[in-house]
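Below: the structure, in structure tokens.
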Amino acid sequence: MFFSIDVHSDVAIYLQLVRQVKFAIAAGTIRPGQLLPSVRALSNQVALNPNTVARAFNQLQADGVIETLRGRGMVVRDAAVEICRSERETVLNERIGSVLAEAWHAGLSKKQIKTFVDDHLRQLVDTEPAVLVSSTEPSDNGGAEE
1 MFFSIDVHSD VAIYLQLVRQ VKFAIAAGTI RPGQLLPSVR ALSNQVALNP NTVARAFNQL
61 QADGVIETLR GRGMVVRDAA VEICRSERET VLNERIGSVL AEAWHAGLSK KQIKTFVDDH
121 LRQLVDTEPA VLVSSTEPSD NGGAEE
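Residue numbers (UniProt numbering): 1 to 146.
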């Protein structure tokens, strides 16, 4: 599992971990029944305080994404995929909406905004996503031309 932490982000570090685990589950990179690394192992991997990782795991448990298996560790729940896909769509829709609203209120025309979006999509479809999409998730890789 690979995590990318941005210490300059406005998003708290533990929430960055939560979001990345949820997005990986939504994409099928992490599957139901899969064990997550221990708090100690993950904190060493991402060079974070173990309390930060534990806080992320506690949030994931509270959100119904993972559960504790006595003697084994944290495991992804069966219901996690739908929870994570729904939250991923909500989070990204809000973030994209904010950027589009900022562009609109900054005086850009609909055509200018659409050109920016189309240009970025064209560039992105030629790159490998940070979270690989599994074959079980619906995918629309050709959406840049719409």
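Think of the CB as a built atom: it goes at the ideal place given N, C-alpha and C, for glycine as much as any other residue.
The structure displayed is predicted, hence computed values, not measured ones.
For residue j and residue i, the rounded distance between their alpha carbons
i: Asp119; j: Trp104; result: 17 Å
i: Val91; j: Pro50; result: 26 Å
i: Leu42; j: Gln112; result: 43 Å
i: Gln59; j: Glu67; result: 11 Å
i: Val39; j: Ala54; result: 6 Å
i: Glu94; j: Gly28; result: 22 Å
i: Lys110; j: Glu102; result: 12 Å
i: Phe116; j: Ser4; result: 26 Å
i: Asp78; j: Glu87; result: 16 Å
i: Cys62; j: Thr52; result: Residue 62 is actually Ala in this sequence, not Cys. Whole-angstrom Cα-Cα distance: 15 Å.
i: Asp10; j: Val125; result: 27 Å
i: Phe2; j: Asn44; result: 12 Å
i: Gly142; j: Gln123; result: Below a pLDDT of 50, predicted positions are generally treated as unreliable, and Gly142, at 48, falls in that range; no measurement from the model is reported.
Cβ neighbour criterion (16 or more within 10 Å) applied to residue i
i: Ile96; result: exposed
i: Gln20; result: buried
i: Thr127; result: exposed
i: residue 184; result: Residue 184 is absent from the model: the chain starts at 1 and stops at 146.
i: Leu17; result: buried
i: Lys114; result: exposed
i: Lys22; result: buried
i: Leu121; result: exposed
i: Val46; result: buried
i: Arg48; result: The question names Arg, but residue 48 in the sequence shown is Leu. Flag for Leu48 reads buried.
Residue i and residue j closer than 8 Å at C-beta
i: residue 147; j: Pro129; result: Absent from the model: residue 147. The displayed extent of the chain is 1 to 146, so no value can be given.
i: Leu35; j: Gly71; result: no
i: Val81; j: Ala26; result: yes
i: Val65; j: Ile83; result: yes
**Prompt:** Along the chain, which unbroken stretches of the beta strand (DSSP E) at least 3 residues long are found entirely within the segment 66 to 103?
**Reply:** 66 to 69, 73 to 76
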